[in-house]
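Here the structure comes first, spelled out in structure tokens, and everything after it is commentary.
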Amino acid sequence: MTAAVASSRLRGGAGPCGRRDDDVAVLAAMLLVLTCGASTAAAVKLPPKTPPGPCALSPCGAASKCVEVTNSSSTSSNSSKSNSSSTYTCVCASGTTPANNTKGLPYCRDPCTDGSPGGPCGVGAKCAVNGTRNTCNCSAGNVVYDGFSNGSQTCIPDPCKAAPPPCGPNGQCTVLARGNTCTCKSPQVLFEDEKGFQSCIADPCKAGGPFGPCGMNGTCTVVGRGNTCTCNSTQLVYEKVKGFQTCVTDPCLSAPCGPNAKSCSPVVPASWKCTCAAGATLVGAQENLQYCKLIGTCNDGTRYGPCGTLTRPEGVCTETSDGNSCACAAVDIPFDVLKNGSQTCVSNPCSTNPCGQGGKCTPGSDTTWACECGAGTVLVEEAEGMQHCTDGPCPPQACGAGGTCMPLSNSTRSCTCAAGLTLSETIPGMPTCSSVVPGNNTSTKGAFINSAVGHWSLQSVFLHLSISMPFLLPYIFL
Numbered sequence: 113m114t115a116a117v118a119s120s121r122l123r124g125g126a127g128p129c130g131r132r133d134d135d136v137a138v139l140a141a142m143l144l145v146l147t148c149g150a151s152t153a154a155a156v157k158l159p160p161k162t163p164p165g166p167c168a169l170s171p172c173g174a175a176s177k178c179v180e181v182t183n184s185s186s187t188s189s190n191s192s193k194s195n196s197s198s199t200y201t202c203v204c205a206s207g208t209t210p211a212n213n214t215k216g217l218p219y220c221r222d223p224c225t226d227g228s229p230g231g232p233c234g235v236g237a238k239c240a241v242n243g244t245r246n247t248c249n250c251s252a253g254n255v256v257y258d259g260f261s262n263g264s265q266t267c268i269p270d271p272c273k274a275a276p277p278p279c280g281p282n283g284q285c286t287v288l289a290r291g292n293t294c295t296c297k298s299p300q301v302l303f304e305d306e307k308g309f310q311s312c313i314a315d316p317c318k319a320g321g322p323f324g325p326c327g328m329n330g331t332c333t334v335v336g337r338g339n340t341c342t343c344n345s346t347q348l349v350y351e352k353v354k355g356f357q358t359c360v361t362d363p364c365l366s367a368p369c370g371p372n373a374k375s376c377s378p379v380v381p382a383s384w385k386c387t388c389a390a391g392a393t394l395v396g397a398q399e400n401l402q403y404c405k406l407i408g409t410c411n412d413g414t415r416y417g418p419c420g421t422l423t424r425p426e427g428v429c430t431e432t433s434d435g436n437s438c439a440c441a442a443v444d445i446p447f448d449v450l451k452n453g454s455q456t457c458v459s460n461p462c463s464t465n466p467c468g469q470g471g472k473c474t475p476g477s478d479t480t481w482a483c484e485c486g487a488g489t490v491l492v493e494e495a496e497g498m499q500h501c502t503d504g505p506c507p508p509q510a511c512g513a514g515g516t517c518m519p520l521s522n523s524t525r526s527c528t529c530a531a532g533l534t535l536s537e538t539i540p541g542m543p544t545c546s547s548v549v550p551g552n553n554t555s556t557k558g559a560f561i562n563s564a565v566g567h568w569s570l571q572s573v574f575l576h577l578s579i580s581m582p583f584l585l586p587y588i589f590l
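Residue numbering for the sequence shown follows the working numbering, beginning at 113 and increasing consecutively.
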């Protein structure tokens, strides 16, 4: 190509196809730079590039036809203006339907193609175009869902075929939207979760005996998987397990805090807390054993006084300068619970013989004791203030007849054996003394040094030789 031709092309000359060829013009500009130099090329301006039409990028889809409409001022749901004031319309191919994209521009949509594997109906299902929407013929285990605003369909797993069956073996399941409904049979009731899925569950109001969890006088209502109770005036609601309620008797009805209490607060199911009035003090560390007692008097307002109880009312109270003292029943002991000089009768912790093995028990409080153990037993402390006696390492005949036992610890001992006895130790730290059985060539117990005589016993020597002789004979006759 000559420079003159290139210059002509740059000025808008016709291309080889009889029209302005912008691509050829660019090549001509490059040739002009190489031939005439940059200064000449700079004097010649490239022609403006023709803008593409609205159909250049096939906005209607590959199988549909885009029709350009120039200088049209009309707008519709299926047309749009472009940057060159041209609009276009779509002539949709079979199986597609007119639609507008997110920018409001028209295109042809295939209802059975949504970009996902298998399309809107999923893998294994059949999709068909029905006007502007699609219909699905779902594969086994799936059902049609048509809850979209445009009427389109998709396939979802059948909620009624879940494992285990949501409505149970006796309920009837029906697909509803993306969930299901259940028709349950007594004694089951309906439960619906937050996603709209229903199931049949055991009726919580029919559990807990013939009157249910709320009792004969309470009213039970199913809530979710559990229940609520409306109890009568003498009962309180108790929720042992979250969501499941029962009715229990108000523990404060029997006035357990006594007449000197300011108030009683129930602690369900069977405990209470006492608030004492002025001049009274709280007795009892455990909630369900509390009551209020007048300080320093035998007439504390309770039925049996500070020294008696319902089951053992025979305790005798005596006034003292700083409180009172108690002479208690045989199985009780006087104890100053509050350490303020006022006694009460409490169960003697030694009455059950907690020391055992002949040990002597001395009560320390209403719940603690100390043990004094006899010969042959040792003291074991389970917890602070809770002891017992158990056999030590030297019970009777621990070292056998004729042996003398010496304890080394609570679980180990040493034995001193008399003449004719042999020390053996089958359990580490627990030796014993035994005699050698004549003719028992397999025993090695006689090999221990007799700690009583300090030398090998005659029986031990013969036993040792009888064991070793079969191994020594071949060397004797060499």
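Where is the CB? At the ideal position from N, CA and C, for every residue including glycine.
Coarse secondary structure for residue i, derived from DSSP in three states
i    : result
P281 : coil
C369 : coil
T342 : strand
P210 : strand
W568 : Annotation note: pLDDT 38 at W568 (below 50); position unreliable, coordinate value reported separately. Note: W568 maps to coil in three-state DSSP.
A115 : Only weak support is given to the placement of A115: the predicted model assigns it a pLDDT of 47, under 50, and the question is left unresolved by the model.
S611 : Since the displayed the chain opens at 113 and closes at 590, residue 611 lies outside it and no answer follows.
N436 : strand
L146 : helix
S463 : helix
L169 : coil
L302 : strand
K318 : helix
N400 : helix
K352 : strand
P229 : coil
R121 : Confidence in R121 is poor, its pLDDT being 46 and thus under 50, which makes the residue's placement unreliable; the coordinate value appears in the next sentence. In the structure shown, R121 sits in a helix (DSSP, three-state: H, G or I).
K273 : helix
Residue nearest to residue i in terms of C-alpha spacing, selected from the options
i    : options                : result
D362 : V443, M542, V349       : V349
G427 : S433, G435, T528, C410 : C410
D448 : G391, K405, P425       : K405
V380 : A389, C388, L365, A390 : L365
G488 : S459, V458, E494, S521 : S521
G253 : T340, I268, D434       : I268
G263 : T414, P378, C224, P461 : C224
R245 : A237, L146, T208, R525 : T208
T430 : L422, T423, A441, P418 : P418
P210 : G173, S228, A237, G236 : G173
L288 : V256, E496, G327       : V256
Q357 : C332, S377, N344, V458 : C332
C204 : T214, S547, V179       : V179
K297 : R290, G283, G291       : G283
Beta carbon of residue i nearer than 8 angstroms to that of residue j
i    : j    : result
T516 : C527 : yes
C467 : G512 : no
G336 : G308 : no
S176 : C220 : yes
C462 : C440 : no
G330 : T342 : yes
Own chain partners of residue i with C-beta closer than 7 angstroms, once the 5 adjacent residues on each side are dropped
i    : result
V247 : First, the residue type needs correcting, since residue 247 is Thr and not Val in the sequence shown. Result list for T247: A240, Q265, in chain order.
S311 : P278, C279, C294, F303
K273 : G253
A319 : P325
G231 : C224, T225, C239
K374 : T387, C388, A389
E351 : Q357
Environment of residue i [buried if 16+ CB atoms lie within 10 Å]
i    : result
P60  : Residue coverage of the chain in this structure runs from 113 to 590, which leaves residue 60 outside it and unanswerable.
D305 : exposed
I539 : exposed
G321 : exposed
D222 : buried
S477 : exposed
L401 : exposed
S454 : buried
P543 : buried
Q499 : buried
G243 : exposed
R415 : exposed
G551 : In this prediction, G551 scores a pLDDT of 47, lower than 50, which makes its location untrustworthy; the coordinate-derived value is nonetheless stated afterwards. By the neighbour-count rule (16 or more Cβ atoms within 10 Å), G551 is not buried but exposed.
P505 : buried
V360 : buried
P166 : buried
Q347 : buried
Beta-carbon proximity list for residue i, same chain, < 6 angstroms, skipping 5 on both sides
i    : result
A510 : C517
I445 : N460, P475
S206 : none
D434 : G453
Beta-carbon proximity list for residue i, same chain, < 8 angstroms, skipping 5 on both sides
i    : result
V334 : V301, D315, P316, C317
C202 : P171, C172, G173, S176, K177, C178, V179, N190, P210, P218, Y219, C220
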